[in-house]
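Here's the structure, in structure tokens; my notes come after.
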Amino acid sequence: RDNLEWLARATNWAKFTATASLGVIHKGHEKEALQLMATYLPKDTSPGSAYQEGGGLYALGLIHANHGGDIIDYLLNQLKNASNDIVRHGGSLGLGLAAMGTARQDVYDLLKTNLYQDDAVTGEAAGLALGLVMLGSKNAQAIEDMVGYAQETQHEKILRGLAVGIALVMYGRMEEADALIESLCRDK
Numbered sequence: 064r065d066n067l068e069w070l071a072r073a074t075n076w077a078k079f080t081a082t083a084s085l086g087v088i089h090k091g092h093e094k095e096a097l098q099l100m101a102t103y104l105p106k107d108t109s110p111g112s113a114y115q116e117g118g119g120l121y122a123l124g125l126i127h128a129n130h131g132g133d134i135i136d137y138l139l140n141q142l143k144n145a146s147n148d149i150v151r152h153g154g155s156l157g158l159g160l161a162a163m164g165t166a167r168q169d170v171y172d173l174l175k176t177n178l179y180q181d182d183a184v185t186g187e188a189a190g191l192a193l194g195l196v197m198l199g200s201k202n203a204q205a206i207e208d209m210v211g212y213a214q215e216t217q218h219e220k221i222l223r224g225l226a227v228g229i230a231l232v233m234y235g236r237m238e239e240a241d242a243l244i245e246s247l248c249r250d251k
């Protein structure tokens, strides 16, 4: 808390990244996370910097990565109410990290809805987050949804997010992923 003047000087995506890095610093402090990050999270009263708020939501995901618990519902609510693509970007990443490997359908559905908005900034994070939520599940519906949307979108950012997301769904599946890999290699 004593050396945060550098955060005030950051702008745009640098502010997003600097704020998100607080999640790495506070990793594991799950009980105090909302209190520690309160300054950087979206507020009902007055809108702050979208980059700071998005970074704050991402930081919560980093703090709670793979240990979501109650924070998943908080992040779900924040993502549902986000009116800015940068806040949705951070909310998607945070939600994906907090719900990593849970295969929770409500989380998956909200992320998919954000992906289908066809906004490059939101879609990139949503594609990656879908993979985090379905980590290692080899979920056929998730793969079908993600590959199908990758074939439709014109946004390179969304394609990158989906490519990593699809890889995460197949994480640890070794030769079980071979048929999908061959199919994707043929499909340009």
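Residue 64 is where the sequence shown starts when you use our numbering, and the numbers rise one by one after that.
Glycine included, every Cβ here is placed at the ideal spot set by N, Cα and C.
The structure presented is a predicted model; accordingly, all values stated were derived computationally and were not measured.
Original post:
Do you know how far the Cα of T185 is from the Cα of A81?
Top reply: Using only the alpha carbons, I get a separation of about 19 Å.
Original post:
How about M100: is its Cβ closer than 7 Å to a heavy atom in the ligand NAP?
Top reply: Annotation note on the ligand NAP: not contained in the displayed structure, which lists no ligands.
Original post:
In chain order, what residues of the same chain have a beta carbon less than 6 Å from the beta carbon of A205, not counting five sequence neighbours either side?
Top reply: Within the same chain, M197 and V232 come within 6 Å of A205 by CB-CB distance, once the 5 residues on both sides are set aside.
**OP:** Quick one: residues in its chain with C-beta nearer than 8 Å to the C-beta of A128, no 5 flanking neighbours on either side, listed in chain order?
**Re:** K90, L160, A161 and M163, listed in sequence order.
Subject >> Opening and closing residue of the alpha helix (DSSP H) in which S155 lies >> reply: Start and end: D148 to A161.
Original post:
Are the Cβ atoms of Y234 and G211 separated by less than 8 Å?
Top reply: No, these two residues do not count as a Cβ contact at 8 Å.
Original post:
Which first and last residues belong to the alpha helix (DSSP H) in which Q180 is found?
Top reply: Premise fails: Q180 is in no alpha helix (DSSP H) and is neither H nor E.
**OP:** Check the C-beta distance from N75 over to Y121 and give it rounded, since I have them as a contact under 8 Å.
**Re:** That pair is no contact at about 15 Å.
Original post:
Counting pairs of Cβ atoms below 8 Å between the stretch 93-113 and the stretch 143-154, do you hit three or more?
Top reply: Between the stretch 93-113 and the stretch 143-154, the count of C-beta pairs closer than 8 Å reaches three or more; the two stretches touch.
Original post:
Is the beta carbon of L178 sitting closer than 8 Å to the one on L193?
Top reply: With contacts defined by Cβ atoms closer than 8 Å, L178 and L193 form a contacting pair.
Original post:
When DSSP labels each residue in this structure, what does A145 get in the three-state scheme?
Top reply: Coil, per DSSP.
Original post:
With 16 other CB atoms within 10 Å as the buried threshold, where does A83 fall?
Top reply: It is buried - the Cβ of A83 has at least 16 other Cβ atoms within 10 Å.
Subject >> Distance CB(A188)-CB(H152) smaller than 8 Å >> reply: Yes; because the gap between Cβ atoms is below 8 Å, this pair is in contact.
Original post:
If F79 sits next to G111, beta carbons under 8 Å apart, how far is it from one beta carbon to the other, in whole angstroms?
Top reply: Contact flag wrong, Cβ pair sits at about 12 Å.
**OP:** Grab me the residues of L225's own chain with a C-beta within less than 7 Å of its C-beta, minus the 5 sequence neighbours each way, in chain order.
**Re:** Excluding sequence neighbours, L225 sits near G190, M209, Y212 and A213.
Original post:
Do I126 and G154 have their CB atoms nearer than 8 Å?
Top reply: Their beta carbons are not under 8 Å apart, which means I126 does not touch G154 by this criterion.
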